[in-house]
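Colleague: Residue numbers (the working numbering): 220 to 756.
In this text, a Cβ means the ideal position worked out from N, Cα and C, and glycines have one as well.
In this text, all values refer to a predicted model and were calculated from it rather than measured experimentally.
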Amino acid sequence: MKKRLRTQIIAALAVLPLLIGILMNSAYTVTAAEGEASAQTINEGESEQNDNVFRVGMEAGYPPFNWTQSDDSNGGVKIDGNEEYAGGYDVEIAKIIAKQLGKELVIVKTEWDGLVPALQSGKIDAIIAGMSPTKERKETIDFTDIYYKSDLIMVVLKGGKYENAKSIQDFSGAKITAQLNTFHYSVIDQIDGVLKQTAMDNFPAMRVALQSGIIDGYVSEKPEGISASSKNKNFVMVTFEDGFVTDEEDTAISVGVAKGSELTGKINEILSGVSQEERQQLMDEAIKNQPGSDAEQTSLSWVVSIIKDNGPMFIRGAGMTLLISMVGTVLGFLLGLMVGVIKTIPIPLKKGKRILQKVINAMLSIYVEIFRGTPMIVQAMVIYYGSALAFGIHMNPVGAAIFIVSINTGAYMSEIIRGGIVSIDKGQFEAAQAIGMNHFQTMRNVVLPQVIRNILPATGNEFVINIKDTSVLNVIAVTELYFQTKSVAGNNFRYFESFFVACVIYFVMTFTVTRILRYIEKRLDGPANYSMNQIQV
């Protein structure tokens, strides 16, 4: 029974990479086919997507400018590679531009930090995400004319110390923050004696921090302040009589395009035909239509409502998380197995083979050190966007995510497997050599069956880590569980309840995985009456 189970496991591991390769190749083929008709190169700053498609990047989590919803109500546009839809003021502006360009609008949901790299690498044609044309951003991308202008405000707790503030100096001694990589964060320094907090990645995170009392307020723009205060009765928007000193471009919002793009002039011409009254009407409708509820409910009722209304989003996010982590762990295990076996090959007698072995081992050591010594989020940015910028390779986001998790896991697993091989008694190697086995025969028939059993707990631990670490892959537009949860929280303004649901889902996934792996361990342990200290004669 034990031998048959081991054979089934090995056979499954051998077939799975082939099936995964077919699926990933199909996904990449579809993506490549969409980009064949491009007339511009990456070096010219243009997207390599189909000429009939206008690909727009946004967070889809910054109401009223953009948000994620479950259907196409109120003019929602389907998000690329997703079952959800995007809505909001930015979406309406994008629809006007796409229509005038004679192209189909495609919304690409990407984390804020991934928008500029996505534009530079040709993953998207434009950024329409409430982005201001600051001097720093103009060094890397171009901007069109302004399509909305607003004032800076502060969002604070209702009934709190700072609710009736009139000047920014009233926030002296307050804990204030803003979104990372925005000019909102830099203007905080204008407040004397302010306790400037670490910038946060997104608005849902800032709202959670505000509601929990970690911060006293965050800097934002008037539409977002109206949105936050109208949908969450615990928040209030503070406008200033003596406000922040800003440049005109700081409080303006423009469309971001690639350097030297021909779209700049075309979009400017389109925007000039949209009156100020029409723009304000679109913003008013966006504030009115944004998701959320004013109903007073208990936390338990909110949890039930969130699951009921957003269950499919959580399920799809959890499914994507499991797919990437499971496939990445299996492929990483096989990669680590290969590296571990190669690095334990005995030193050859011939000088030429010894030199070759040293070169190969050095290359493998570099691979292991690089991928163990750098964060996965950095690897994702470099591989996904860097491959497009440097080599013109446009990877499917899910395929790229699996590739990133696989090579990251492979680096860790190679050292785990190498340690497992070294721990096997040398006498077994000598006995195998005595009966004429070479290194790979010894590994396959004698060493690896023992190693795989011994490292199974460590492999399971890597699987659990990968389930949690997939949360960083939202920077390459992968809508896994964490990214979906941020969208839900940003829509309903119920942060604790939304992330509590995600916490439970993560726990269920990791707990189930560990129990399954523990069952496999027991099956490989042998009979119940077997003792590891038993001496057989």
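Can you tell me whether F284 is helix, strand or coil according to DSSP?
Modeller: If DSSP states are grouped into helix, strand and coil, F284 belongs with coil.
Colleague: Residues bridged to D361 by DSSP?
Modeller: BP columns for D361 point to V476.
Colleague: Looking at the structure shown, is T465 part of a helix, part of a strand, or coil, going by DSSP?
Modeller: DSSP places T465 in coil when its eight states are reduced to three.
Colleague: Measure the CB-CB distance between G412 and S391 and report whether it falls below 7 Å.
Modeller: Taking 7 Å as the Cβ cut-off, G412 and S391 qualify as a contacting pair.
Colleague: Taking a contact to mean a Cβ-Cβ separation below 7 Å, would you say V665 touches A651 in this structure?
Modeller: Contact flag set, yes.
Colleague: Quick check on DSSP: helix, strand or coil for V683?
Modeller: Helix.
Colleague: Going by DSSP in three states, L399 sits in which element: helix, strand or coil?
Modeller: Three-state result, L399: coil.
Colleague: Out of L583, D688 and L554, point me to the one whose CA is closest to A599's CA.
Modeller: A599 has its Cα closest to that of D688, out of L583, D688 and L554.
Colleague: Starting from the Cα of D389, find the closest Cα among R498, I525, E460 and F533 and give me that residue.
Modeller: Considering only alpha carbons, the answer is E460.
Colleague: Looking only at C-alpha atoms, which of M539, L550 and L583 sits nearest to N693?
Modeller: The shortest Cα separation from N693 among M539, L550 and L583 belongs to M539.
Colleague: Name the residue from V641, Q319, V457 and S473 whose alpha carbon lies nearest to the alpha carbon of G378.
Modeller: The option with the nearest alpha carbon to G378 is V457.
Colleague: Where R637 and A505 are concerned, what is the direct C-alpha to C-alpha distance, given to the nearest angstrom?
Modeller: Approximately 57 Å between the Cα atoms of the pair.
Colleague: Near F715, which residues of its chain fall below 6 Å by C-beta distance, leaving aside the five closest residues on each side in sequence?
Modeller: Counting only Cβ-Cβ distances below 6 Å, and skipping sequence neighbours, we find nothing.
Colleague: Check whether the Cβ atoms of S473 and T363 sit closer than 7 Å, and answer yes or no.
Modeller: Against a cut-off of 7 Å, the Cβ pair of T363 and S473 comes out as a contact.
Colleague: Does the separation of the CB atoms of A477 and L338 fall below 7 Å?
Modeller: The answer is yes: Cβ separation under 7 Å.
Colleague: From which residue to which residue does the alpha helix (DSSP H) around V642 run?
Modeller: It is worth fixing the name first, because residue 642 is Ser in this sequence and not Val. That run of the alpha helix (DSSP H) goes P616 to S642.
Colleague: K558 and L583: beta carbons closer than 7 Å?
Modeller: The amino acid at residue 558 is misidentified as Lys; the sequence shows Val. Contact flag set, yes.
Colleague: Which residues bound the alpha helix (DSSP H) around E496?
Modeller: Where E496 is concerned, the enclosing alpha helix (DSSP H) stretches over Q495 to N508.
Colleague: For F402, which residues of its own chain have a beta-carbon under 8 Å away from its beta-carbon, when the five flanking residues on both sides are left out?
Modeller: Taken in chain order, the residues that qualify are S351, T353, T465 and D469.
Colleague: In three-state DSSP terms, what is A607?
Modeller: If DSSP states are grouped into helix, strand and coil, A607 belongs with the helices.
Colleague: Could you tell me if F730 is buried or exposed, where buried requires 16 or more neighbouring beta carbons within 10 angstroms of its beta carbon?
Modeller: When all chains shown are included, F730 counts as exposed.
Colleague: Under 7 Å, do M595 and Y308 count as touching if we go by C-beta distance?
Modeller: The answer is no: Cβ separation not under 7 Å.
Colleague: May I ask you to report which of helix, strand or coil DSSP gives V438?
Modeller: Strand.
Colleague: Could you round the C-beta distance between I695 and Y603 to whole angstroms and report it? I think they count as a contact, below 8 Å.
Modeller: So it is a contact: roughly 4 Å between Cβ atoms.
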